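Numbering-wise (our numbering), the sequence shown opens with residue 94 and increments by one.
Every residue, glycine too, gets a C-beta built ideally from N, C-alpha and C.
Keep in mind it's a predicted model, so treat the numbers as computed, not measured.
To start, the structure under review is shown below, and the notes come after it.
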Amino acid sequence: MKELTSSQVRQMYLDFFEQHGHKIMPSASLVPVDDPTLLWINSGVATMKKYFDGSVVPDNPRMTSSQKSIRTNDIENVGRTARHHTLFEMLGNFSVGDYFKHDAVHWAWELLTGEQWFDFDPEKLYITVYPKDTDAKAEWLDAGVKEDHIVEAEDNFWDIGQGPSGPDSEIFYDRGQEMNNVAEDDPENYPGGENERYLEIWNIVFSQFNHTPEGTYEPLPHKNIDTGMGLERVVSVFQHARTNFETDLFLPIIRATEQLSDGKKYEANKNDDVSFKIIADHARAVTFAIGDGALPSNEGRGYVIRRLIRRAILNGKKLGINEAFLYKLVPVVGEIMKSHYPAVLEQADYIAGVIHSEEDRFNVTLDTGLSLLNDTIAATKAAGKTQLDGAEAFKLFDTYGFPVELTTEYAGDEGLGVDQDGFKSEMEKQRARARNARSSAKSMGVQRALLTDIKSVSKYVGYNQLTVENAKLLDIIVDEKLVDQTDDNVDSAEVIFDMTPFYAEMGGQVADTGSIVDETGHQVAKVTDVQHAPNGQNLHTVKVTGKLVKGATYTLTVDAARHSKIEKNHTATHLLDQSLRNVLGTHTAQAGSLVEPHYLRFDFTHFGQVTSEDLHKVEQMVNDQIFAEIPVKTVETDIETAKKMGAIAMFSEKYGKRVRVVSVGDFNTEFCGGDHVSNTNELGLFKIVSETGVGAGVRRIEAVTAGDAFKFLNDEENLLSQTAALVKAPQLKEVPHRVEALQGEVKQLESDQRALQAKMASQQAASAFDNIETVNGTSLIAQQVNVAGMGQLRQLADDWKQKLPSDVLVLATANEGKASLLVAMAPDQVKAGRKAGDLIKAIAPAINGGGGGRPDMAQAGGKNPDGISEALAQAKTWLEKQ
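Have a look at this one:
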């Protein structure tokens, strides 16, 4: 067998299908674009949904890719099995309504067994087919597969519920019984069984049915091919590796980790091996995820990154690595993947910086988690329970990042268990919430054959003119049917003209609106929306007020005032994008935008908050370009020339052979198909309205331009004038000084209030310390006092220490629905073995609380003020038992 590197295997796959007419598609970002159903891109086909559901017709119906993907549904298994990964690459070839079973099967067999290609021994390959898919079986036999190497399996049918579905064929490689984990005569020892001998390396889905809501399977108008070959798996075959981790995709990371450990070696200890594998897998995943713009956080994909980093850190500690180390593996990952993903090395410093910061943060979190865990353990024991509540364990995990494994370990040291079922229940609730948040959105859509089959040619001319005369009406759709004309009044119809000035929504720029006038000068329709049809035409949604006739000509007019405002805001997004890069750093990238007539919204990736100083710099930089009156020029060229011009490509755009490049002098050059002003001075003014975080590592700026910016500033001035009147400032410029003076007055009043409270506390002490009881030979002051809170209780305790009127002090107070308790012990009581912490733990449950402290002083808080009397009574009971 050939011995190939992972880079050679990947390239050979892509080269093979390119030679068979496929277009090589770039590996898309792991962060899905305009697909709320996915947390991550989790397969090759996930990036092809727009082609398979018919919303976009591809330039070439044959495509191939090596797509990086992340799956996180079973993170716990990573490192414990031979082939579980969070990040993996899926090699795939796709046909959208072009070739089907014959070519898919014959090409697969050619790639697998051809001498110039993979050159696998046909005797080691087995194929599974759906029993009713006799066509596929016949094709495999025709391709040269022996009949005894074809296995029929009932589960060989790809179906996700409603939507595209169809039978599939899985391809297995026989690694020999010596690689197996079951006996020769075990019933699972067959291709497709639960064993390590027969390794699944490829799955070919023949998507030919639409699974309807009624449960039937109707033929799709266009049949498709969707395949997936796991790169890590097939490389393990070429490199004779027992698991995926002994390949050149992982071993360099493992070896680098060995160097960072305290002498631990991979394959020397089974438990250590798991830690090495987890670190290698997670280092790859977080490197690529951060490189694609995701950042650690407490929700969504950011939560996944944080969890992976923390899991790697904990496994590093098991290998004796007690300092930040994961960030040092980023360049190793980059070197492994540089042939297909050069951007990883280019971004290595930034990615490593993000990971290093998160590692440092987690070290602090570990300390915080331990403190909170100790409090939880104390409260659990005080309540007489034998195990920590599952919800509490989950709170420690979810809110503070403290792993349940460590919670279990620490609780065990205190003789307590952890309600694992309760923890799992809370975890499942969280997963369900995440699933439900995505389930209402559209998943894989069903092909809209009517639009897919419309091939008429339509040209957009709105870059240069907002009115088009004699536009010929080519197609009319009403109620999902092609018609020759509409009725006089139709609420909604879809129409295509041979030419149009109406911009179709794309790249964040909203669609144009306007009117359609017939040859007599009467308005017959209003354009309410424009979208791209699957074959690229501008598809106008219209409200018909007269009658539209196919083949007739009309005058199309865009709402010019609205269009002008949109142009201004679109150009402003380019200026804002470049300014953010200049001020915050080149790692900053667009993560979405919306260009409306009255405002713009711009999302961008950035680790951390944007300071007010940097935000001011960004705003000033945009305005500097406006005031400089820079011409905005647009050229159409080929994509390579555009790249040489330094044009920035937006992640959400799909570029053809010819592209439009918009340049704002030397300041900014970008690929863009939208509308823009001819000179920056048309924007007049730019003003940032807000800057917030909207997700894991994604910030959002909302801004306004021109008249809307003036209105915003005018409204702000009016508010400032109102504030000036309220603070009695004669001029606006004196408002800050007047507010500062008022703040000083407030601070003085607060100081006076604290002095009064201290005086009241002293008076309370005088009366409280008079009430001394004797319990079991011990003098006790146990009183509820009316003070501001725990701070005042501590002050009373300090007064008590100076006088020591009793052996034991127990004070309580109630404020705003909460209760506070304080216990203090005289020095001789502490010497005798009595601890304030023990007493506070005994009485705190009465107020539904918990606490702790030093032997001489302890405190507790709770949510049941009504339990104070019971707590004070229990203090006496506790002393009686001593």
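Using the rule of at least 16 other Cβ atoms within 10 Å of the residue's Cβ for burial, across every protein chain shown, is residue i buried or exposed?
i, result
"E117", "Here residue 117 is Ile; the residue named in the question, Glu, does not match the sequence. Counting Cβ neighbours within 10 Å, I117 comes out exposed, since fewer than 16 surround it."
"S258", "buried"
"L81", "Nothing can be reported for residue 81, as the shown portion of the chain is limited to 94 through 975."
"M94", "exposed"
"G85", "No information on residue 85 is available, as it lies outside the stretch 94 to 975 that the chain covers here."
"Q630", "buried"
"G614", "exposed"
"S962", "exposed"
"K225", "exposed"
"I253", "exposed"
"Q671", "buried"
"N761", "buried"
"G308", "exposed"
"K1056", "Lying before the first or after the last residue shown, residue 1056 is absent from the chain, which here runs from 94 to 975."
"R377", "buried"
"V903", "buried"
"D581", "exposed"
Starting from residue i, trace the alpha helix (DSSP H) in both directions and tell me its first and last residue.
i, result
"M94", "Element bounds for M94: n/a, residue is neither H nor E."
"W133", "Premise fails: W133 is in no alpha helix (DSSP H) and is neither H nor E."
"E232", "T227 to A236"
"N811", "A799 to L819"
"A653", "A653 to L677"
"F697", "Where F697 is concerned, there is no enclosing alpha helix (DSSP H), although the beta strand (DSSP E) it sits in stretches over L693 to T698."
"S549", "Segment: none, S549 is in no alpha helix (DSSP H) and carries neither H nor E."
"L825", "Neither: L825 is in no alpha helix (DSSP H) and is coded neither H nor E."
"V642", "Counting along the chain, V642 falls outside any alpha helix (DSSP H), and DSSP gives it neither H nor E."
Whole angstroms are fine: how far does the CA of residue j sit from the CA of residue i?
i, j, result
"W893", "A834", "39 Å"
"P215", "M156", "26 Å"
"A917", "G955", "18 Å"
"F495", "H769", "51 Å"
"T380", "D921", "59 Å"
"N282", "G269", "11 Å"
"M592", "G172", "58 Å"
"V828", "N811", "13 Å"
"H433", "H691", "42 Å"
"A349", "K370", "12 Å"
"D568", "K316", "25 Å"
"Q602", "I347", "47 Å"
"L776", "H680", "27 Å"
"Y310", "I318", "17 Å"
"T647", "H633", "The sequence given here has Tyr at residue 647, not Thr. Using only the alpha carbons, I get a separation of about 14 Å."
"G256", "D355", "53 Å"
"T666", "G639", "39 Å"
"L566", "K142", "30 Å"
"T174", "A201", "28 Å"
"A534", "L388", "Unreliable positioning characterises A534 in this predicted model, as indicated by a pLDDT of 44, which lies under 50. A coordinate reading is not provided."
"K522", "N166", "14 Å"
"E339", "S99", "12 Å"
"L965", "K488", "31 Å"
"G446", "L915", "45 Å"
Just curious, the beta strand (DSSP E) that residue i is in, first and last residue?
i, result
"D931", "Here D931 belongs to no beta strand (DSSP E); instead the alpha helix (DSSP H) covers A929 to I936."
"E989", "Limits of the chain in this structure are 94 at one end and 975 at the other, which puts residue 989 out of reach."
"K726", "V725 to D731"
"Q602", "Segment: none, Q602 is in no beta strand (DSSP E) and carries neither H nor E."
"E775", "Looking at the DSSP string, E775 is not in any beta strand (DSSP E), and its letter there is neither H nor E."
"S608", "G607 to V610"
Tell me whether the stretch 878-887 and the stretch 926-933 touch, counting them as touching only if at least three CB pairs, one residue from each stretch, are closer than 8 Å.
Not touching, per the Cβ criterion.
Any alpha helix (DSSP H) of 4 or more consecutive residues that is wholly inside the stretch 258-341
As summarised for the stretch 258-341, the continuous alpha helix (DSSP H) elements at least 4 residues long and confined to that stretch are 324-331, given in chain order.
Those runs of the alpha helix (DSSP H) which lie wholly inside the stretch 338-402 and span at least 4 residues
Runs of the alpha helix (DSSP H) inside the stretch 338-402: 344-353 and 363-384.
Run through the stretch 108-174 for me and flag every whole alpha helix (DSSP H) of 4 or more residues, listed as ranges in chain order.
Within the stretch 108-174, the complete alpha helix (DSSP H) runs of at least 4 residues are 142-145.
Only counting runs of 4 or more residues, tell me where the alpha helix (DSSP H) segments fall wholly within the stretch 416-461, in order along the chain.
Fully enclosed alpha helix (DSSP H) runs of 4 or longer: 423-430 and 436-439.
Given 8 Å as the limit, is there contact between the stretch 671-682 and the stretch 709-719, that is, 3 or more CB pairs closer than that?
Segments in contact, yes.
Tell me, please, whether the stretch 639-657 touches the stretch 778-795 by the rule of three or more beta-carbon pairs shorter than 8 Å.
Flag = no, the stretch 639-657 and the stretch 778-795 do not touch.
Counting pairs of Cβ atoms below 8 Å between the stretch 513-526 and the stretch 588-605, do you hit three or more?
At 8 Å Cβ cutoff, the stretches do not touch.
Could you tell me which uninterrupted beta strand (DSSP E) segments, each at least 3 residues in length, are contained entirely in the stretch 888-931, listed from first to last along the chain?
You should have 901-908 and 911-918.
For the structure I just gave you, are there three or more beta carbon pairs, one from the stretch 145-160 and one from the stretch 186-204, closer than 8 Å?
Short answer: they touch.
Touch check for the stretch 698-707 and the stretch 724-741: three-plus C-beta pairs under 8 Å?
Remark: fewer than three beta-carbon pairs, one from each stretch, lie closer than 8 Å, so the stretch 698-707 and the stretch 724-741 are not flagged as touching.
Below 8 Å, can you find three or more Cβ-Cβ pairs linking the stretch 272-287 to the stretch 232-240?
Judged by Cβ distances under 8 Å, the stretch 272-287 makes no contact with the stretch 232-240, as fewer than three pairs qualify.
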